[in-house]
Amino acid sequence: MVWDMELSEAIQQRRSTREFLDRPVQQDQIEEILEAARLAPSATNRQPWRFVILQQEKEKELIAEAVTQTFVVNAPVVFVCCLDRSVFTREVVSQRIEELVEINVISREVADLLYLRKMPESVKEAGIPLSAFIDMGIAVEHMVLRACSLNLGSCWVRMFDADRLHALLGLPAEIEVIALLPVGYPVSVPGQRPRLSREDIVLQPRTNKE
Ligand SMILES: Cc1cc2nc3c(=O)[nH]c(=O)nc-3n(C[C@H](O)[C@H](O)[C@H](O)COP(=O)(O)O)c2cc1C
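Read in order, the letters of the sequence shown correspond to residues 128 to 337 in our numbering.
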């Protein structure tokens, strides 16, 4: 596995890319980006992420009517980042918990506490826990940073019609589309976008003396 860039460099240099060169992304790069998602951490190791990878013009045209911004379908590759609600059922969560007990990541006592939590018995009953959105955020940002380390640009996209996209892709009922991630070589890399200062983002704890 070849890493072209240090993580700190990728964090510094990443920009949301909204214009892509007409240069193909190689299959091994796509695999690397997918691998970055696969290795992401998730609550109770549930790994709720699923991806549809669109590369053919016909496939990208298919989703165009559900996507607000045209740059998305102009990218050489579009990852449709989805969440699988079936991973939150008691049966699947139990499998994940037992795997963690098996390798001593969690003790039997902790596992028993986890089993006390309310868990849906079937996919139909399964909602989406808040931690699942966090899991998705981590996985997709892993992909963004991995793409950047391969000198590829990408952009988180949430502006789309989720129901239409779901129907156009013929996805099963338990799958929810969470984000789109267009990926390709950037036409240009702009300067850093505005950010709050470090002082702005650090909160001071209130001590008893104040
Ligand atoms: C959850 C999320 C959703 C976003 N949705 C969109 C979107 O729908 N369209 C878009 O052009 N950019 C979208 N962005 C990109 C942001 O606009 C961008 O991250 C922000 O302006 C900072 O710029 P930078 O990423 O280049 O640093 C999204 C970013 C995040 C994290």
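Ideal Cβ placement from N, Cα and C applies to all residues, glycine included. Note that the coordinates shown come from a computational prediction; the quantities given were computed from them, not determined experimentally.
Distance cut-off 6 Å: residue i Cβ against heavy atoms of ligand 1
| i | result |
| --- | --- |
| methionine 70 | Given a span of 128 to 337 for the chain in the structure shown, any question on residue 70 remains unanswerable. |
| arginine 273 | no |
| arginine 223 | no |
| serine 143 | yes |
| arginine 244 | no |
| methionine 263 | no |
| valine 320 | As written in the sequence, residue 320 is arginine, which differs from the valine given in the question. Correct: arginine 320 has its Cβ closer than 6 Å to ligand 1. |
| tryptophan 283 | yes |
| serine 286 | Per the sequence shown, the amino acid found at residue 286 is methionine instead of serine. Within the cutoff, so yes. |
Cβ distance (whole Å) where residue i is taken to contact residue j below 8 Å
| i | j | result |
| --- | --- | --- |
| valine 207 | lysine 187 | About 10 Å separates the two Cβ atoms, so there is no contact after all. |
| arginine 291 | glutamate 192 | 7 Å |
| threonine 195 | methionine 286 | 4 Å |
| alanine 259 | proline 175 | 5 Å |
| leucine 307 | valine 205 | 6 Å |
Cross-strand partners of residue i (DSSP beta bridge)
| i | result |
| --- | --- |
| valine 232 | Paired residues: none, contrary to the question. |
| proline 247 | Proline 247 pairs with nothing; no bridge assigned. |
| serine 143 | Ser281 |
Any chain C beta carbon closer than 7 Å to residue i
| i | result |
| --- | --- |
| isoleucine 180 | Of the protein chains in this structure there is only one, and it is not chain C. |
Check: What runs of the beta strand (DSSP E), each 3 residues or longer, lie entirely inside the stretch 150-227?
Finding: 176-181, 204-211, all fully within the stretch 150-227.
Next item on the list: Entirely within the stretch 242-319 and at least 4 residues each: give me those alpha helix (DSSP H) ranges in chain order.
Entry: Counting whole runs of 4 or more residues, the stretch 242-319 contains the alpha helix (DSSP H) stretches 257-276, 289-295.
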